[in-house]
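Working notes, beginning with the structure itself.
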Amino acid sequence: GQNIDQPTEMTATEGAIVQINCTYQTSGFNGLFWYQQHAGEAPTFLSYNVLDGLEEKGRFSSFLSRSKGYSYLLLKELQMKDSASYLCAVRGDSGGYNKLIFGAGTRLAVHP
Amino acid sequence: DGGITQSPKYLFRKEGQNVTLSCEQNLNHDAMYWYRQDPGQGLRLIYYSQIVNDFQKGDIAEGYSVSREKKESFPLTVTSAQKNPTAFYLCASSTGESLGEQFFGPGTRLTVL
């Protein structure tokens with residue numbers, strides 16, 4: 004079967020660093036996405052990894068290890084507005100079309 | 022401004038009624054998707070369309086129907102056959118190439134009374 008696991012909830016302090024982990028087991032692998040979703044709103048794209056290693060984009064970084072089926076999203080210098088759900092999604096072997104498999108999301112609460 | 026619009030944001034219907042959710046995009050994307058989001062679960066794919074006049078069932082298509090008569094539009098009908106239709110529905114689009122990220126609309130929250 005296909006499975007994506009991420010923690011349900013996390014809390015962190017404003018200004019700190021938080022790491023959100025994602026492990027996956029899928030039929031094939033053609034990239035991993037991280038999305039941010041505020042309550043009741045659309046998910047917005049944060050990052051994309053297809054090769055092993057770290058991708059850095061401002062305060063956000065994402066890491067991928069394909070051999071371990073593992074990724075993490077690193078958020079630095081946390082701000083209150085970072086309180087949101089973070090969705091990990093994998094594009095598996097889907098016969099050429101852009102099918103994503105989503106994890107349930109990690110709800111991050113940032114406290115002052 | 023390019024983007025994806027969904028309307029309405031909130032929708033209430035009585036049990037047994039069909040309801041159609043709108044999704045329009047002006048990003049010139051070939052591919053469009055419908056997802057359902059329930060609390061504590063990941064987004065689940067209902068239907069997708071890679072090109073005009075063609076669409077395929079996703080993982081949870083039962084009780085839903087779609088059409089793709091225009092590139093810009095991909096409406097979703099929630100029929101009375103859908104046993105548990107109350108959910109948050111998200112529409113997305115992408116360039117259609119297998120490497121493209123998906124862009125999401127603001128969603129429609131459907132409540133069936």
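Respectively, the protein sequence lines represent chains D and H. With my numbering applied, the first sequence covers 4 to 115. With my numbering applied, the second sequence covers 22 to 134. Heads up, the beta-carbon is just placed ideally off N, CA and C, and yes, glycines get one too.
Which one of the options has the shortest CA to CA distance from residue i?
i        : options                                : result
D:Thr76  : D:Gly43, D:Tyr51, D:Ser30              : The question names Thr, but residue 76 of chain D is Leu in the sequence shown. Answer by Cα proximity: D:Tyr51.
H:Val87  : H:Ser70, H:Arg34, H:Gln103             : H:Ser70
H:Ala113 : H:Lys35, H:Tyr56, H:Gly84              : H:Tyr56
D:Ser30  : D:Ile104, D:Thr14, D:Thr47             : D:Ile104
H:Tyr31  : H:Leu111, H:Gln123, H:Gly121, H:Thr116 : H:Leu111
D:Ala25  : D:His114, D:Ala112, D:Pro115, D:Gly106 : First, the residue type needs correcting, since residue 25 of chain D is Cys and not Ala in the sequence shown. Looking at the Cα atoms, D:Gly106 is the closest of the given residues.
D:Tyr38  : H:Gln123, H:Thr107, H:Leu97, H:Ala52   : H:Gln123
H:Asn39  : H:Ile67, H:Ala102, H:Thr129            : H:Ala102
H:Thr116 : H:Thr41, H:Ile72, H:Gly61              : H:Ile72
H:Ile67  : H:Phe109, H:Arg34, H:Gly37, H:Pro29    : H:Phe109
D:Gln5   : H:Leu97, H:Gly63, H:Leu42              : H:Gly63
D:Val62  : D:Ala45, D:Thr47, D:Leu81              : Looking at the sequence shown, residue 62 of chain D is not Val but Arg. Nearest option by C-alpha distance: D:Leu81.
D:Ala19  : D:Lys79, D:Arg110, D:Gly108            : D:Lys79
From the beta carbon of residue i, is the nearest beta carbon of chain D less than 8 angstroms away?
i        : result
H:Leu66  : yes
H:Glu122 : yes
H:Gly61  : yes
H:Phe125 : yes
H:Ser23  : Reading off the sequence shown, one finds Gly at residue 23 of chain H, where the question assumed Ser. False, the Cβ-Cβ gap to chain D never drops below 8 angstroms.
H:Leu131 : no
H:Leu111 : yes
What's the gap between the Cα of residue i and the Cα of residue j?
i        : j        : result
H:Gly24  : D:Lys84  : 23 angstroms
H:Lys104 : D:Tyr73  : 35 angstroms
H:Asn74  : H:Leu48  : 18 angstroms
H:Asp59  : H:Leu131 : 11 angstroms
H:Lys91  : H:His50  : 11 angstroms
D:Leu57  : H:Thr100 : 45 angstroms
D:Gln22  : H:Gly37  : 45 angstroms
H:Thr98  : H:Leu42  : 6 angstroms
D:Gly43  : H:Thr129 : 9 angstroms
H:Phe76  : H:Thr107 : 23 angstroms
Within 8 angstroms (strictly less), CB to CB, does residue i reach chain H?
i        : result
D:Pro46  : yes
D:Tyr51  : yes
D:Gly56  : no
D:Ile23  : no
D:Ala107 : yes
D:Leu103 : yes
D:Phe36  : yes
D:Ile7   : yes
Suppose the cutoff is 7 angstroms on Cβ atoms and the five residues either side in sequence are ignored; what does the same chain contact list for residue i look like?
i        : result
D:Asp55  : Leu67, Ser68, Arg69
H:Glu93  : Glu45, Gln46, Asn47
D:Leu94  : A small correction: the amino acid at residue 94 of chain D is Arg; Leu does not occupy that position in the sequence shown. Excluding residues within five positions, the ones whose Cβ falls inside 7 angstroms are Asn33, Gly34, Asn101, Lys102, Leu103.
D:Thr14  : Ala112, His114
D:Gln116 : The question about residue 116 of chain D has no answer, for chain D in this structure spans 4 to 115.
Take residue i and list the residues in its own chain whose beta-carbon comes closer than 6 angstroms to its own, dropping the five residues that flank it on each side.
i        : result
H:Pro127 : Gln27
H:Arg34  : Val40, Val133
H:Gly84  : Thr100, Ala102, Gln103
Keeping to the same chain, check which residues put their C-beta closer than 8 angstroms to that of residue i; ignore five residues upstream and five downstream.
i       : result
D:Lys60 : Leu49, Ser50
Next on the checklist: Can you confirm whether the region 6–22 of chain D touches the region 80–89 of chain D when touching is taken to mean that 3 or more C-beta pairs between the two stretches lie within less than 8 angstroms?
Outcome noted: yes
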